[in-house]
Amino acid sequence: MSYRLSGALLLALALLVPISLLAGRVWIDPFDPQTRNAAVILFELRLPRAALALCVGAGLGAAGAAMQGYLRNPLADPGLFGIAPGAALGAVLSFWTGYAASAWLLPIFALVGAAGAMALLAVIAGRDGGIALFTLVGLMIASLAGALMSLAISLSPTPFAMSEIVIWLMGALSDRSWREVTIAAPLTLAGIALLIAAGRSLDALTLGEQAARSLGVEPRRLQILLIAGVGLTVGAGVAVAGIIGFVGLIVPHLVRPLTDRRPSSLILPSALAGALLLLVADCLCRVLPLAGGELRLGIALSLIGAPFFLHLLLKMRRGLA
Amino acid sequence: MSGGELSCESLGVEGRLRDVSLTLESGSVTAICGPNGAGKSTLLGCLAGLVSPDAGMVRVGGQRLDEVPLSRRARRIGYLPQSPEIAWDVAVEVLVSLGRIPWKGAPRGDDLQAIEQAISEMDLERLRHRRVLQLSGGERARALMARVLATRPNWLLADEPLANLDLAHAAALAARLRAQAARGRGVVLVLHDLATAMNHADRVIVLDRGALAADGPARTALSEDTIWKVWGVECRWLGEPGRRALSLE
Numbered sequence: 009m010s011y012r013l014s015g016a017l018l019l020a021l022a023l024l025v026p027i028s029l030l031a032g033r034v035w036i037d038p039f040d041p042q043t044r045n046a047a048v049i050l051f052e053l054r055l056p057r058a059a060l061a062l063c064v065g066a067g068l069g070a071a072g073a074a075m076q077g078y079l080r081n082p083l084a085d086p087g088l089f090g091i092a093p094g095a096a097l098g099a100v101l102s103f104w105t106g107y108a109a110s111a112w113l114l115p116i117f118a119l120v121g122a123a124g125a126m127a128l129l130a131v132i133a134g135r136d137g138g139i140a141l142f143t144l145v146g147l148m149i150a151s152l153a154g155a156l157m158s159l160a161i162s163l164s165p166t167p168f169a170m171s172e173i174v175i176w177l178m179g180a181l182s183d184r185s186w187r188e189v190t191i192a193a194p195l196t197l198a199g200i201a202l203l204i205a206a207g208r209s210l211d212a213l214t215l216g217e218q219a220a221r222s223l224g225v226e227p228r229r230l231q232i233l234l235i236a237g238v239g240l241t242v243g244a245g246v247a248v249a250g251i252i253g254f255v256g257l258i259v260p261h262l263v264r265p266l267t268d269r270r271p272s273s274l275i276l277p278s279a280l281a282g283a284l285l286l287l288v289a290d291c292l293c294r295v296l297p298l299a300g301g302e303l304r305l306g307i308a309l310s311l312i313g314a315p316f317f318l319h320l321l322l323k324m325r326r327g328l329a
Numbered sequence: 006m007s008g009g010e011l012s013c014e015s016l017g018v019e020g021r022l023r024d025v026s027l028t029l030e031s032g033s034v035t036a037i038c039g040p041n042g043a044g045k046s047t048l049l050g051c052l053a054g055l056v057s058p059d060a061g062m063v064r065v066g067g068q069r070l071d072e073v074p075l076s077r078r079a080r081r082i083g084y085l086p087q088s089p090e091i092a093w094d095v096a097v098e099v100l101v102s103l104g105r106i107p108w109k110g111a112p113r114g115d116d117l118q119a120i121e122q123a124i125s126e127m128d129l130e131r132l133r134h135r136r137v138l139q140l141s142g143g144e145r146a147r148a149l150m151a152r153v154l155a156t157r158p159n160w161l162l163a164d165e166p167l168a169n170l171d172l173a174h175a176a177a178l179a180a181r182l183r184a185q186a187a188r189g190r191g192v193v194l195v196l197h198d199l200a201t202a203m204n205h206a207d208r209v210i211v212l213d214r215g216a217l218a219a220d221g222p223a224r225t226a227l228s229e230d231t232i233w234k235v236w237g238v239e240c241r242w243l244g245e246p247g248r249r250a251l252s253l254e
């Protein structure tokens with residue numbers, strides 16, 4: 009069932025990627041080769057942007073599915089582990105110090121921030137691999153990174169740096185190039201591979217921590233796989249696109265009823281559906297006429313995501329009560 | 006199928022178990038009984054390798070349990086926790102298939118055969134596509150037991166598997182567990198209901214405040230005298246062997 013779903017999602021991606029390349033401020037008519045600078049727009053602007061949307065979306069979707077499986081909670085989100093805030097803090101520091109002016113250094117600062125959060129999680133959460141302590145440590149890292157970010161913003165050296173930081177934090181895929189793709193793609197793919205490798209252990213967790221251990225799951229190994237997998241996918245995503253919320257929360261929800269509901273059968277389809285969602289959302293951001301520029305992707309997803317999620321909760325209310 | 010022996014020597018867990026030594030034989034049903042807080046679940050957890058003892062050791066088939074690789078241990082010892090949880094509303098068939106997790110790399114045919122057998126042994130054919138949250142308590146208990154059986158373990162350890170089941174369902178599941186023992190599996194159950202232990206177990210281990218209070222055939226281990234000493238209750242066994250009931254004085 010999972011294979012058929014993944015196949016359908018791949019087909020949808022194969023159809024939508026070419027269409028998304030044609031859409032934007034300048035519409036490119038494939039049957040009229042006269043559009044000015046069409047090749048530049050396609051290969052230097054839209055193709056890397058589409059590739060980045062696929063990468064970031066896939067990473068967030070897979071990380072969300074794995075997190076929900078690990079915490080056995082459909083409300084879990086990749087932001088919970090403190091890795092996204094850690095990466096964002098790194099990026100903010102690059103603005104603060106002025107290194108963000110170099111295009112390579114911003115994502116590298118963010119990746120270092122993500123790695124710092126991952127290391128803290130791995131060290132503090134301890135050897136026994138318990139999930140409750142792990143979640144609490146993640147939450148604390150997230151709020152610490154959040155506080156440090158606010159501190160950096162409030163003490164920012166120039167108003168310009170402050171507005172740069174605030175706008176960057178909103179998350180977007182505009183003005184990105186192949187450079188960001190070369191940073192994000194390998195890390196995201198490696199992260200998704202790690203999360204898929206954790207699938208069997210996540211399935212065992214369906215029965216609770218004790219039963220999972222009796223099925224041969226090593227809690228510490230699973231935890232490390234998850235920290236690395238979520239860290240690579242989410243860290244890479246934040247490094248190239250800023251904070252983009254809701255994808256990791258919503259996508260696994262949408263995909264779950266179409267699978268057999270085991271966490272392992274959810275990870276790959278969630279990656280594909282996340283890629284699809286981000287591709288479409290970014291395309292809409294590009295096309296929507298908005299005074300003063302284009303809608304930021306992070307804002308757009310929250311605007312769509314929050315009401316959608318409320319609708320979902322209203323539908324589920326009977327089941328939850 | 007024979008799991009050899011599952012044994013423990015001078016097992017101790019601080020504050021919960023003191024100097025417990027016993028050897029369990031496969032092919033029979035052993036019940037662990039005792040008042041609340043006697044250390045029943047801790048002992049079962051040690052035997053399953055989920056609780057590390059502070060003193061003593063557990064052996065399975067002569068080998069130290071903590072030296073058996075996790076996946077091999079998981080294939081030999083199936084464990085059903087007390088109040089088991091099911092996080093996702095999967096179909097019964099999918100739930101049962103989770104029992105094959107320790108057999109990573111096994112031929113697909115073996116997996117399917119084990120799942121089919123477990124489903125049929127727990128009489129779940131009709132319910133195989135039903136979601137677990139739609140099942141009744143008795144059906145869910147059978148589905149969870151089938152998950153353990155799908156692993157085809159030599160040892161089946163279950164913590165209060167009959168709790169929350171009504172009379173008929175509890176009796177039916179107990180009979181199924183006895184059938185598992187008859188096939189050569191070692192079945193070890195934590196039971197709070199003494200009548201169930203008396204009627205269904207070949208051997209009963211009574212724990213009292215972490216120490217072994219009695220160990221032997223149900224008739225002797227659960228004598229009226231032992232019940233008085235351990236539970237502090239005066240009582241009398243009524244009825245025929247195999248259909249005993251406890252009457253409190």
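Residue numbers (this note's numbering), protein chains in the order written: chain R, 9 to 329; chain W, 6 to 254. A virtual CB, placed ideally from N, CA and C, is assigned to each residue, including glycine.
Per-residue contacts from D94 of chain W into chain R (C-beta, under 8 Å): Looking up residue 94 of chain W in the second sequence gives position 89. Simply R269.
Supposed close pair C38 of chain W, S26 of chain W - CB separation, criterion 8 Å: Counted from its first residue, the second sequence places residue 38 of chain W at position 33. Counted from its first residue, the second sequence places residue 26 of chain W at position 21. About 18 Å; that fails the 8 Å criterion.
Alpha carbon of L234 of chain R to alpha carbon of L213 of chain R, nearest angstrom: By 1-based counting over the first sequence, the position of residue 234 of chain R is 226. By 1-based counting over the first sequence, the position of residue 213 of chain R is 205. Going by the C-alpha atoms only, they are around 13 Å apart.
Residues near G253 of chain R by beta carbon distance below 6 Å, same chain, minus five either side: As a working note, residue 253 of chain R is residue 245 in the first sequence. Closer than 6 Å at the Cβ level, and outside the excluded window around G253 of chain R, lie S310.
Local Cβ density within 10 Å of F117 of chain R, reported as buried at 16 or more and exposed below that: By 1-based counting over the first sequence, the position of residue 117 of chain R is 109. That one is buried.
Assigned secondary structure, R77 of chain W (DSSP; H/G/I helix, E/B strand, else coil): Translated into the one-based positions of the second sequence, residue 77 of chain W becomes position 72. Helix, per DSSP.
Beta-carbon contacts of P56 of chain R that lie in its chain and below 8 Å, excluding the five residues immediately before and after: On the first sequence, position 48 is the one that residue 56 of chain R refers to. The answer, listed in chain order, is R184, S185, W186, E188 and V189.
Ranges of the beta strand (DSSP E) found wholly within the segment 26-83 of chain W, counting only runs of at least 3: 34-38 and 60-65
Below-8 Å beta-carbon distance, K109 of chain W vs any chain R residue: Counting from 1 along the second sequence, the entry for residue 109 of chain W is found at position 104. It does: the Cβ of K109 of chain W has a partner Cβ on chain R nearer than 8 Å.
Touch test, the segment 220-236 of chain R against the segment 71-90 of chain W, Cβ-Cβ under 8 Å, three pairs minimum: yes
Counted within 10 angstroms of its Cβ, other Cβ atoms place E19 of chain W as buried (16 or more) or exposed: Numbered from 1 along the second sequence, position 14 holds the residue referred to as residue 19 of chain W. Under this definition E19 of chain W is an exposed residue.
At least 3 beta-carbon pairs within less than 8 Å: the segment 232-250 of chain R vs the segment 81-100 of chain W: no
Residue range of the unbroken alpha helix (DSSP H) whose run includes L255 of chain W: Any property of residue 255 of chain W remains undetermined from this structure, which presents chain W solely from 6 to 254.
Limits of the alpha helix (DSSP H) - the one that S273 of chain R falls within: Counting from one through the first sequence, the residue named residue 273 of chain R turns up at place 265. Where S273 of chain R is concerned, the enclosing alpha helix (DSSP H) stretches over S272 to V295.
A283 of chain R to L147 of chain R span [Cα, whole Å]: Reading the first sequence from its first residue, position 275 is the one you call residue 283 of chain R. Reading the first sequence from its first residue, position 139 is the one you call residue 147 of chain R. A283 of chain R and L147 of chain R: Cα-Cα distance of roughly 26 Å.
Cβ distance (whole Å) where L177 of chain R is taken to contact G250 of chain R below 8 Å: Here residue 177 of chain R is taken as the residue at index 169 of the first sequence, counted from 1. Here residue 250 of chain R is taken as the residue at index 242 of the first sequence, counted from 1. With 8 Å as the limit, L177 of chain R and G250 of chain R qualify as a contact, their Cβ atoms being about 6 Å apart.
Per-residue contacts from A4 of chain W into chain R (C-beta, under 8 Å): An answer regarding residue 4 of chain W cannot be provided, because it is not within the stretch 6 to 254 covered by chain W.
Contact set between A71 of chain R and chain W, taken where Cβ atoms lie within less than 7 Å: Sequence index remark: in the first sequence, residue 71 of chain R carries index 63 (1-based). Under the 7 Å cutoff, chain W gives no residues; its nearest Cβ is about 18 Å from A71 of chain R.
Terminal residues of the beta strand (DSSP E) in which G191 of chain W lies: Mapped onto the second sequence, residue 191 of chain W falls at position 186. Taken as a continuous stretch (DSSP letters only), the beta strand (DSSP E) holding G191 of chain W covers G191 to V195.
Any chain R beta carbon closer than 8 Å to I91 of chain W: As a working mapping, residue 91 of chain W is identified with position 86 in the second sequence. It does: the Cβ of I91 of chain W has a partner Cβ on chain R nearer than 8 Å.
DSSP beta-bridge partners of C63 of chain R: One-based indexing of the first sequence puts residue 63 of chain R at position 55. Per DSSP, none; premise fails for C63 of chain R.
Contact with chain W by R80 of chain R, beta-carbon distance below 8 Å: Reading the first sequence from its first residue, position 72 is the one you call residue 80 of chain R. Output row for R80 of chain R: interface = yes.
Integer-rounded CB distance, given that L49 of chain W should sit under 8 Å from L154 of chain W: What you label residue 154 of chain W is simply residue 149 of the second sequence in a count that begins at 1. What you label residue 49 of chain W is simply residue 44 of the second sequence in a count that begins at 1. No, L154 of chain W and L49 of chain W are not in contact; Cβ-Cβ is about 17 Å, not under 8 Å.
Alpha helix (DSSP H) segment containing W176 of chain R, residue limits: For the purposes of this step, residue 176 of chain R is identified with residue 168 of the first sequence, where counting begins at 1. W176 of chain R -> alpha helix (DSSP H) spans P167 to L177.
Alpha carbon of V34 of chain R to alpha carbon of V95 of chain W, nearest angstrom: Here residue 34 of chain R refers to the residue found at position 26 when the first sequence is read from its first residue. Here residue 95 of chain W refers to the residue found at position 90 when the second sequence is read from its first residue. Using only the alpha carbons, I get a separation of about 47 Å.
Whole-angstrom distance between N159 of chain W and M6 of chain W, CA atom to CA atom: Here the question's residue 6 of chain W lines up with position 1 in the second sequence. Here the question's residue 159 of chain W lines up with position 154 in the second sequence. With a pLDDT of 49 at M6 of chain W, under the threshold of 50, the modelled position of this residue cannot be trusted; read the value that follows with caution. Spanning the two alpha carbons is a distance of roughly 7 Å.
Residue burial classification, R12 of chain R (beta-carbon count within 10 angstroms, cutoff 16): One-based indexing of the first sequence puts residue 12 of chain R at position 4. Exposed.
Assigned exposure category for M324 of chain R - 16 Cβ within 10 Å defines buried: Within the first sequence, the letter at position 316 stands for residue 324 of chain R. The residue is exposed, with fewer than 16 neighbouring Cβ atoms inside 10 Å.
A153 of chain R vs G239 of chain R beta-carbon contact at 8 Å: The residue you call residue 153 of chain R lines up with position 145 of the first sequence. The residue you call residue 239 of chain R lines up with position 231 of the first sequence. It is not a contact, given that the beta carbons lie outside the stated cut-off.
Any chain R beta carbon closer than 8 Å to V99 of chain W: The residue labelled residue 99 of chain W in the question sits at position 94 within the second sequence. Closer than 8 Å to some Cβ of chain R, the Cβ of V99 of chain W qualifies, so yes.
Beta-carbon proximity of P8 of chain R to S14 of chain R, cut-off 8 Å: Chain R is shown only over 9 to 329; residue 8 of chain R falls outside these bounds and no answer can be derived.
Beta-bridge partners of G343 of chain W, as assigned by DSSP: A query on residue 343 of chain W cannot be resolved here, the shown segment of chain W reaching from 6 to 254 and no further.
Under 7 Å from the C-beta of Q218 of chain R: neighbouring residues of chain W: Walking along the first sequence from the start, residue 218 of chain R turns up at place 210. The contacting residues are L55 and P86.
DSSP-derived helix/strand/coil call for W108 of chain W: Within the second sequence, the letter at position 103 stands for residue 108 of chain W. DSSP places W108 of chain W in helix when its eight states are reduced to three.
Burial state of A329 of chain R, where buried means 16 or more other Cβ atoms lie within 10 Å: Here the question's residue 329 of chain R lines up with position 321 in the first sequence. Model confidence at A329 of chain R stands at a pLDDT of 48, short of 50, so the residue's coordinates are unreliable; what they give is reported in the following sentence. With fewer than 16 other Cβ atoms within 10 Å, it is exposed.
8 Å Cβ cut-off: residues of chain R touching I120 of chain W: As a working mapping, residue 120 of chain W is identified with position 115 in the second sequence. Near I120 of chain W there are no residues of chain R at all, since even the closest Cβ is about 13 Å away, more than 8 Å.
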